[in-house]
Structure formats: structure tokens, C-alpha cells
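Undergrad:
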Amino acid sequence: MTSSAYAADDCGDGEVIIKFSHVVAAQGHPKGEMATALANRINTEMDGKACMQVFPSSQLFDDNKVMEALLLGDVQLAAPSLSKFESYTLKYRVFDLPFLFSNMDAVTTFTKGDKGQELLGAMSDYGFVGLGYVFNGLKQFSADKPLLVPSDAKGLKFRVQTSDVAVAMIEAMGANAQKLAFKEVYGALQTGVVDGQENTWSNIYTQKFFEVQDGTTETNHQLLTYLAVTSQEWLDSLEPDVRDQFVTIFNEVADEYNARSTQINEDNKKKIEETGAVVRQLTPEQRDEWVETMKPVWDKFRDDIGQDVIDAAVLDET
Ligand code: LMR
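Those letters in the sequence shown? Residues 1 to 318, by UniProt numbering.
(1) Using a Cβ-based criterion (distance less than 7 Å to any ligand heavy atom), does Val24 qualify as near the ligand LMR?
(2) So, with DSSP's three-state summary, where would you put Gln232?
(3) Is Leu223 buried or exposed, if buried means 16 or more other CB atoms sit within 10 Å of its CB?
(4) Is it the case that the CB of Ser81 approaches a heavy atom of the ligand LMR more closely than 7 Å?
(5) Three-state secondary structure (DSSP) at Met52?
(6) Taking the alpha carbon of Thr217 as the point to measure from, which residue in Gln27, Gly155, Lys65 and Glu198 has its own alpha carbon closest?
(7) DSSP three-state label for Glu239, please.
(8) Cα separation between Ala175 and Leu315?
(9) DSSP on Gln222, reduced to helix/strand/coil?
(10) At a cut of 8 Å, does the stretch 62 to 73 reach the stretch 26 to 43 through at least three beta carbon pairs?
(11) Any heavy atom of the ligand LMR closer than 7 Å to the CB of Glu224?
(12) By DSSP, does Gln307 sit in helix, in strand, or in coil?
(13) State the beta-bridge partners of Gly196 as determined by DSSP.
(14) If you drop the 5 nearest sequence neighbours on each side, which residues of the same chain put their C-beta closer than 7 Å to that of Ala168?
(15) Considering only C-alpha positions, which residue in the set His221, Val94, Phe182 and Ile264 is nearest to Gln286?
(16) For Leu38 versus Ile204, is the C-beta spacing smaller than 8 Å?
(17) On the criterion of 16 or more Cβ atoms from any shown chain inside 10 Å, does Gln207 qualify as buried, or is it exposed?
(18) Could you tell me which residues DSSP puts in a beta bridge with Gln178?
(19) Given the structure, does Phe182 come close to the ligand LMR, in the sense that its CB is under 7 Å from one of the ligand's heavy atoms?
(20) Give me the Cβ distance between Val279 and Gly215, rounded to the nearest whole Å; I'm assuming they're in contact under 8 Å.
(21) Closer than 6 Å by C-beta to Leu97: which residues in its own chain qualify, once you throw out the five before and the five after it? Chain order, please.
(22) Kindly indicate which residue of Gln307, Thr219, Gln263 and Val253 has the alpha-carbon position closest to the one of Ser102.
(23) I need the straight-line Cα distance from Val149 to Leu72, nearest angstrom please.
(24) Output the distance between the C-alpha atoms of Phe210 and Leu138, rounded to the nearest integer angstrom.
(25) What's the call for Pro80, buried or exposed, on a 16-neighbour Cβ count within 10 Å?
(26) How about the stretch 129 to 137 and the stretch 247 to 265: do they share at least three Cβ pairs that are nearer than 8 Å?
(27) Using the beta-carbon count (16 or more within 10 Å), is Asn251 buried or exposed?
(28) Among Trp234, Met104, Gln59 and Thr283, which has the Cα closest to the Cα of Phe182?
(29) Alpha carbon to alpha carbon, what distance is there between Asp105 and Asp303?
(30) In three-state DSSP terms, what is Tyr186?
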């Protein structure tokens, strides 16, 4: 047991060690809190059989390196954003389509439905298996100047995740996109390497992005959600009773925290407002402008995703 693991547990002889590496804050964050709760349940209910150690805040790996680490057996569980799997599958681009999901209930319906469940296996050719989805929420834009309509962003540079859909979305606004690892965002905003960013309230608050921006605009333009991913080889290596109990506990904890994710983000939004930082709301007309500007992005990625997958997501939304 290293002292850096957040959910500390002394792993006993004979226990399966499950290292869970992620990049966000351990507290006040839907994924961070879910990871801790998962470890607490595994370490209590599977004592003697399995032991989970959680490594938050990119302290072990960032989201690119963690995929390799899963295959090498250096960690057993990760939960990168669905925007970060483009080297393995283009199907997850559906989750990035701007203004596709208007709330997390629509995301629940889609992810629990046939297509959502089928997509858990989209990376099987690479030896990865999705255990399930872990929710964050909808994203907001911030910049070093006020953003009320997309043309306010013209010429600015925004940090994006490693997602070509995000790049296309930023370019549709007449702005420039720069892909950067999560842990580099605060510094890049502070030093002016980028002018703005887009993320959920929980990431904007826990990473303090709002401190180095003019304000944040509640655009709710795109989803940020995660895939809890492991290596098929590791999962298959578990004794059936250990695997079943692990998967059952995972599903229960994911459901519990997914149902809480909207509230956790709302709490973070309130905390930002309480600091006196500016949070801007859009009028219906301004919101229509954002939706219209980003519409062409859908056509660009339709073939990669598959019309059947898009139809299922749109249907679940209506
Ligand atoms: C990001 O890079 O902005 C997010 O994927 C980080 C996270 O895990 O929420």
C-alpha cells in the first residue's frame, strides 16, 4: 500500500489488488466521490478477497497513459471521459455531439438502453471492456472575456480534451482549439496559453478554473461522462465469484452516484457563485444561436458514429 492512495486499505495476502487511477478531485466531484465509495464498499464487503486503492488527481497516470497501464497490469480500473477514446473507437463520438443530451435523465435512458449497453464493448479489439458509465454532467464555457453568443469567442483559443468533435465545435465558433491534458489546464489558463475552456461545474470549481477566467457561461452545450474501463484479460483472470461480486458492487455504486451527479454539479455551481465569480445565463435567443452554430458538427461525424447510434440517442432524448 502506498501512502498516496486516497482510499487507503492495507491489502492482505491473497487479496486481488484493484488499483483505480483517475484524474479528478477525490471530493466534491461525481467521479471522485464514486471512486471513493466504490473502494469503501469493496474493501468492506470483499475483505479477504479483493482490495481497492484509488489514485485521484492524475497522481499515477493521465488519461492517455492509463490505457497502456491497464494492458500492462499497472492499474486495473480507469474512468477516462468518453471523449478520450478516439484512438480505439469512433463510436463514442455520439456522446460528444453538441446539444444532443439536454439533461442526465436522457443520458441514463440512452446508456441503459440496447445501444448504450452495446457500446460498452466497442473497444474489445484492443483488449478493453467497459464495465459501465460514470456520469459527470453538462459542460459550460468560460473565457478571459464575457461569452454570451458564439461570435464572442471568435479568435480565442480554447483548451479541449483529445476529441476531434470538440475541435470541430470550437472551430464552428470561429475559435481555435488546443488539446491539453486535464492537469495542464489551470496553468494554461493562468499563463494565457489558452484563453478559455469548457467543462462541468464540478471540474471548474474543484480545479479552480473560474479563478483565472472572466466568468463562466451556463451553456450546457455538451456532455462529459466517463467509461469505467478495464482489461478483458484481467477481468477474465478473476475467480467467477470475485468477478461477480466486483461487477455487482460496481453497478450499484455507479447507479447511486450517477443519480447524484446533477446535484453534485449544482452544488459546485453554487460554490462558484458564492465566491463572487461571474456566472452568466443565456436568453432563449442566445441559446438558439449556440445550438445553430454547432449544428453542422453533427454532419461531420455522422458516418463515424453510425446513424443507428445517433437515432437511439435522439430518440431517448425526445
Ligand atoms: C477533462 O480532461 O477535461 C476531463 O476529462 C477530466 C475528467 O476526468 O473529468
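Idealized CB from N, CA, C, for every residue including glycine. Only a predicted model underlies this, so the values are computations on that prediction, with no experimental measurement involved.
TA: Let me spell this out:
(1) Yes, the Cβ of Val24 comes within 7 Å of a heavy atom of the ligand LMR.
(2) helix
(3) buried
(4) Within the cutoff, so yes.
(5) strand
(6) Glu198
(7) coil
(8) 31 Å
(9) coil
(10) no
(11) Per the sequence shown, residue 224 should be read as Leu rather than Glu. It does: the Cβ of Leu224 is within 7 Å (strictly closer) of some heavy atom of the ligand LMR.
(12) helix
(13) In the DSSP output, where bridge partners are listed per residue, Gly196 has Ala143 and Phe158.
(14) Val297 and Lys300
(15) His221
(16) no
(17) buried
(18) Arg159
(19) Remark: the C-beta of Phe182 is in contact range of the ligand LMR, defined as less than 7 Å to any heavy atom.
(20) 7 Å
(21) Trp298
(22) Thr219
(23) 46 Å
(24) 16 Å
(25) Pro80 comes out buried.
(26) Verdict: yes, contact present.
(27) exposed
(28) Looking from the CA of Phe182, the closest CA among Trp234, Met104, Gln59 and Thr283 belongs to Gln59.
(29) 26 Å
(30) helix
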